[in-house]
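Chemist:
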Amino acid sequence: MELTTELTSAQIDFLSLALPDFNISEWKAELAGQAASARRFFRLSRAAQSYILIEWDSADEDWPRFLGIESELSFLVPFLPCIYASDPRGGFILEEDLGEVTLKQFCADNAGDITVIEKMYRKVTGALRAWQNLDTSASSIITSRSMDKEMFLWESGYFAEHCVSGFFHKENILTADWEEERIKMAAHAGALAKTFIHRDFQSENILIHNDKIRFVDFQGARLGPPHYDAASLFFDPYINQLNDASINNLLDYYLVKKDDQAEKDNFYLCAAQRLMQALGAYGNLSLNKGKPHYKQFIPTALQRLSKVFEHLPDYPVMADVVNECLKEC
11 MELTTELTSA QIDFLSLALP DFNISEWKAE LAGQAASARR FFRLSRAAQS YILIEWDSAD
71 EDWPRFLGIE SELSFLVPFL PCIYASDPRG GFILEEDLGE VTLKQFCADN AGDITVIEKM
131 YRKVTGALRA WQNLDTSASS IITSRSMDKE MFLWESGYFA EHCVSGFFHK ENILTADWEE
191 ERIKMAAHAG ALAKTFIHRD FQSENILIHN DKIRFVDFQG ARLGPPHYDA ASLFFDPYIN
251 QLNDASINNL LDYYLVKKDD QAEKDNFYLC AAQRLMQALG AYGNLSLNKG KPHYKQFIPT
311 ALQRLSKVFE HLPDYPVMAD VVNECLKEC
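Heads up: take any position in the sequence shown, counting from 1, add 10, and you land on the numbering used here.
#1: Suppose you measure from the CA of residue 12 to the CA of residue 42; what does that come to, to the nearest Å?
#2: Note down, one range per segment and in chain order, each beta strand (DSSP E) of at least 3 residues found wholly within the stretch 102-167.
#3: Looking only at C-alpha atoms, which of 232, 260, 235, 231 sits nearest to residue 244?
#4: With which residues is residue 264 paired in a DSSP beta bridge?
#5: Check the C-beta distance from residue 134 over to residue 113 and give it rounded, since I have them as a contact under 8 Å.
#6: Considering only DSSP beta bridges, list what residue 59 is partnered with.
#7: List the whole-angstrom C-beta distance separating residue 231 from residue 206, where the pair is believed to meet the contact cut-off of C-beta under 8 Å.
#8: Let me know the beta strand (DSSP E) ranges lying completely inside the stretch 174-221, each 3 residues or longer, listed in chain order.
#9: So the beta strand (DSSP E) residue 93 belongs to, where does it begin and stop?
#10: Decide if residue 99 is buried, meaning its Cβ has at least 16 other Cβ atoms within 10 Å, or exposed.
#11: In whole angstroms, give me the CA-to-CA distance for residue 94 and residue 250.
#12: Is it true that the CB of residue 252 sits closer than 8 Å to the CB of residue 157?
#13: For residue 12, does the three-state DSSP call read helix, strand or coil?
#14: Return the CA-CA distance between residue 218 and residue 278, expressed in angstroms with no decimal places.
#15: Which of helix, strand or coil does DSSP assign to residue 327?
#16: So residue 248 and residue 213 are supposed to be a Cβ contact under 8 Å. How far apart are they, rounded?
#17: Whose C-alpha, out of 186, 174, 256, is nearest the C-alpha of residue 125?
#18: Using only the alpha-carbon positions, how far apart do residue 5 and residue 236 sit?
#19: Taking the beta strand (DSSP E) that residue 86 falls in, what are its first and last residues?
#20: Tell me the residue span of the alpha helix (DSSP H) that contains residue 284.
#21: What does the alpha-carbon distance come out to for the pair residue 327 and residue 188?
This is the structure:
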């Protein structure tokens, strides 16, 4: 597929201001992907130089969060891309080019060597721990949002609406007992101790650049239980190279108290919440947002969610809902 693209006059004007030596005849512009949102990305390159140009509606409430979080934390952690310029009128951001090797791509490239993959996951886990260990006073933007009971209820409701009902047409299994259990789960999750979390810590938002771990798509960062991001990483439906043994090894590596059953219970609780959120997103994106390729991840996410509920015996009805959907895959 041809990736080279022509820049618009508005993009050229922005780049001419952001890069004093910019001359369109000397630079190559390529499409560099599109997020699940309406954002578009372009890679600009000339000889040994390269940048990423983001095109994004600045009216989006996450636009100032993206810029602000980088400004607040870039001096404290080495994970975020440098932002060089922005223009809210045109909806442009110029940032550091972190390359094309996502964790997802790394796993695909090393699919035959689980040892190499686990080693990289340990490196990513170390970066995640450093992020979670930041003093929460470091970012007023991140602390302005928090994963509370209502947010967790929204996640299970999102799953019910767009996956159970919308995708599988099984709204009849969403009984009063389902409602009671999801309220109990949300209350438990919302009461857990909170740190900085990325909120979408999956393999397409983690890049490996010059052998360093970098994070992107961090505008949704907020306060939340740390295990939520770890669960996003270990149970990522985009990755099929990790087997159960690998996930258990990584969980033991991540947990501070490996023999603490309460900590493991909290991890699986967060995993259930995260996977329900992901399944709601896959259903919504594939059915309502014109992005049908996301439906391919629904079976894997359901399989992993079903296994997670094996560790959560206090939620049998929620487990039954998941397994009823899984039967249709």
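By construction, the Cβ of each residue, glycine as well, lies at the ideal position given by its N, Cα and C atoms.
Modeler: Quick look at the numbers:
#1: With a pLDDT of 46 at residue 12, under the threshold of 50, the modelled position of that residue is not reliable, and the figure given next carries that caveat. Whole-angstrom Cα-Cα distance: 11 Å.
#2: As summarised for the stretch 102-167, the continuous beta strand (DSSP E) elements at least 3 residues long and confined to that stretch are 102-106, given in chain order.
#3: It is 260.
#4: In the DSSP output, where bridge partners are listed per residue, residue 264 has none listed.
#5: 6 Å
#6: Note: residue 59 is bridge-paired with 56 in the DSSP secondary-structure output.
#7: Confirmed, Cβ separation roughly 6 Å.
#8: 205-207, 216-219
#9: 93-97
#10: exposed
#11: Near 36 Å, if we compare the C-alpha coordinates of residue 250 and residue 94.
#12: no
#13: Low per-residue confidence applies at residue 12: pLDDT is 46, beneath 50, and the placement is therefore not dependable, though the value from the model is reported in the following sentence. Three-state DSSP puts residue 12 in coil, outside helix and strand.
#14: 27 Å
#15: helix
#16: Taking the Cβ atoms as the reference, residue 248 lies roughly 5 Å from residue 213, within the contact range of under 8 Å.
#17: 256
#18: The question about residue 5 has no answer, for the chain in this structure spans 11 to 339.
#19: Run containing residue 86: none; DSSP gives neither H nor E here.
#20: 271-298
#21: 6 Å
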